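Per our numbering, residue 1112 is the first one in the sequence shown, and the count goes up by one each step. Here the structure is laid out as C-alpha cells; the discussion comes afterwards.
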Amino acid sequence: MALLEVSGMRTGYEGIPVVFGIDLTVDEGEVVALLGANGAGKTSTLRAISGMIPVLAGDVVFDGASIAGRPAEGIARRGLVHVPEGRGIFPSLNVEETLRMAGAFGKVPKAELADRLDETYSTFPRLAERRTQTAGTLSGGEQQMLALARGLIWRPKLLMIDEMSQGLAPRIVADLFEIVDEFPKRGVSVLLVEQFVGRALDVANRAYVLEKGEVSFAGTAAKLAKDEDFVRGSYLGDVDVERLSDSQRRRRDTLPAVEEIPVQLPPALLRGLMERAERDGVSAEELIQNAVAGELAPPKRKNGTRKRKAPAKKKPATTKSTAKKPAAKTGRRSG
Ligand SMILES: Nc1ncnc2c1ncn2[C@@H]1O[C@H](COP(=O)(O)OP(=O)(O)OP(=O)(O)O)[C@@H](O)[C@H]1O
Ligand SMILES: [Mg+2]
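Have a look at this one:
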C-alpha cells in the first residue's frame, strides 16, 4: 500500500477549483517529483494534502488513514510535513533556537530532542557549524537547509518540499539535491515540487506533470527525463497540440474565444467557468456571454435544452413549443 494515496482530489480557493480530481501516490522510500508550469496547481496540491486548504472532492490517504479535511497540525504530527515555498525563517532566532522551537511545536519529547538535533546536524553539517548564528544572517542556501532541517526534526515519514531551489545559485542547488537524495535512506520519503526539472528528475524515482490542474503525465522519472521537449521547458505554455487528448484540445481551443472578451479573468475563475461550460455542454464563450447578459443559465435539462426565462410582456408560449425549441447556438463550438 502506498504511503500517500491521493485519489480524485479536487481543491481550490473559495470553492473555485484549481486542481481537478488528480490521482497521485508516493511509496515508502520514494522521491516523487511534481512538475508543471507556473500556475499549474503544484503548490495548491501540496497545500490541500497538508490540510492548509480544503479538499473539495476525492480523498487523501496517508499511512493507512484518510487525512482529507483534518487540521494541518494533526496531519504534520502523523508524519506528513510540508516545507512551503519561501523559507519562513525567523531572522532573529539562531539556528539551534529555530530547531528547538520546531521540536517543541512538533511535540518532540524533551528526552529525545538532543538525539533529534544530532541527527539533523549530521544531515546538515553546515548548520552544525552555524548553530549560534542568527537565521537572518545565513546565506539563502543555508536558510533553505534550515527550513528543511526544521521539517526533518519531526522525523516525518513524508516530506513535501515546495520550490527549495528558488533564488539559489546552481552550485548550492546541487548540494541541496544531494542531501535530498539521501532522505529515503533515513526513512523519509519525498514529494518534491521543482522548477529545476533536470535535477528533480535525477533524484526522483517517479514524476507527475500537472497542466492546468490536471495530471498530464505520470510515470518514471527516467521516462520523463528522455522527453527532451519537456526538459528544455517547452511545456511552459507551448503545448504540443498533437499530444493533447480530445477534451484537453477542446478546452485549449475554447481559450482564444474567451480571450476575445476584453476582460482579464483570474486564471482560477476562468478555469472554473470552463469547467461549468463543459458540464453544461456549451462553449465557455456562450457561458460568459450569458453571464454578462445577466442570465447565467441554470443547469441543462435532460433533452439538451436550457431553461430560459419566459420573455417579458409577451404572450406566454405553450409548454409544448418551448420544450421543442432548441437552444440558440450563439457561440463558436470547437472540437
Ligand atoms: N491564495 C489563492 N487564492 C486564489 N487563487 C489562488 C491562490 N493561490 C493560487 N491560486 C490560483 O491557483 C492556481 C494554481 O496556483 P498554484 O500556486 O497552485 O500553482 P503552481 O503550480 O504552484 O505555480 P508556481 O509554479 O507559480 O508556483 C493559479 O491559477 C493561481 O492563480
Ligand atoms: Mg507554486
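The beta carbon of each residue, even a glycine, is placed where N, CA and C say it ideally should be. Values in this document were obtained by computation on a predicted structure and should not be read as measured data.
Helix, strand or coil for residue i? Go by DSSP, reduced to three states.
| i | result |
| --- | --- |
| Glu1139 | coil |
| Met1275 | coil |
| Glu1325 | strand |
| Glu1196 | coil |
| Pro1220 | coil |
| Ile1160 | helix |
| Ala1148 | coil |
| Phe1294 | helix |
| Gln1184 | It is Glu, not Gln, that sits at residue 1184 in the sequence shown. It is helical. |
| Leu1257 | helix |
| Thr1154 | helix |
| Ile1127 | strand |
| Asp1229 | helix |
| Thr1209 | helix |
| Gly1175 | coil |
| Val1117 | strand |
| Asp1170 | strand |
| Gly1190 | coil |
| Ile1283 | helix |
| Val1301 | strand |
Within the present structure, is the beta-carbon of residue i separated from the nearest heavy atom of ligand 1 by less than 7 Å?
| i | result |
| --- | --- |
| Ala1159 | no |
| Gly1247 | no |
| Val1129 | yes |
| Gly1199 | no |
| Gly1150 | yes |
| Tyr1124 | yes |
| Gly1132 | no |
| Gly1147 | yes |
Just to confirm my understanding: we take residue i, look at its own chain, exclude 5 residues before and 5 after, and list those with CB closer than 6 Å. What are they?
| i | result |
| --- | --- |
| Ala1168 | Arg1121 |
| Asp1294 | In the sequence as displayed, the identity of residue 1294 is Phe instead of Asp. Taken in chain order, the residues that qualify are Val1301. |
| Thr1136 | Ala1113 and Glu1116 |
| Gly1119 | Gly1132 and Gly1169 |
| Thr1156 | Val1130 |
| Phe1173 | Leu1115 and Leu1191 |
| Gly1126 | none |
| Gly1247 | Pro1202 |
| Ile1186 | Ser1161, Gly1162 and Ile1178 |
| Arg1181 | Gly1162 |
| Ala1329 | Tyr1319 |
| Phe1288 | Arg1310 and Val1314 |
Is the closest heavy atom of ligand 3 to the C-beta of residue i under 7 Å?
| i | result |
| --- | --- |
| Asn1316 | This structure lacks ligand 3; its bound ligands are ligand 1 and ligand 2. |
For residue i, collect the residues of the same chain with a Cβ closer than 8 Å to its Cβ; drop the 5 residues on either side in sequence, then sort them by chain order.
| i | result |
| --- | --- |
| Gly1489 | Residue 1489 lies beyond the range of the chain shown here (1112 to 1446); nothing can be said about it. |
| Gln1244 | Asn1205 and Val1206 |
Under 7 Å Cβ to Cβ from residue i, same chain only, skipping five residues before and after it: list those, please.
| i | result |
| --- | --- |
| Leu1210 | Leu1228, Thr1231, Ala1260, Arg1261 and Ile1264 |
| Gly1152 | Val1129, Val1130, Leu1321 and Gly1324 |
| Pro1332 | Here residue 1332 is Ala; the residue named in the question, Pro, does not match the sequence. Closer than 7 Å at Cβ, skipping near neighbours: Ala1144, Leu1312, Ala1315, Asn1316, Arg1317 and Ala1318. |
| Asp1349 | Interpretation of Asp1349 is limited by its pLDDT of 35, a score under 50 that renders its predicted location unreliable; the figure taken from the coordinates is listed afterwards. Closer than 7 Å at the Cβ level, and outside the excluded window around Asp1349, lies no residue. |
| Leu1284 | In the sequence as displayed, the identity of residue 1284 is Val instead of Leu. Excluding residues within five positions, the ones whose Cβ falls inside 7 Å are Ser1276, Phe1307 and Arg1310. |
| Arg1237 | Glu1253 and Met1256 |
What is the chain-ordered set of residues for which the beta carbon lies under 7 Å from any non-hydrogen atom of ligand 2?
-> Here the list is Lys1153, Thr1154, Glu1196, Asp1273, Glu1274 and Val1304.
For the stretch 1125–1139 and the stretch 1247–1261, state whether three or more C-beta atom pairs, one from each stretch, are separated by less than 8 Å.
-> The stretch 1125–1139 is not in contact with the stretch 1247–1261.
Should the stretch 1316–1325 be called in touch with the stretch 1139–1156, which here means at least 3 C-beta pairs below 8 Å?
-> Verdict: yes, contact present.
Using 8 Å as the threshold, is the stretch 1263–1278 in touch with the stretch 1192–1199, meaning 3 or more CB pairs across them?
-> Yes: at least three Cβ pairs fall under 8 Å.
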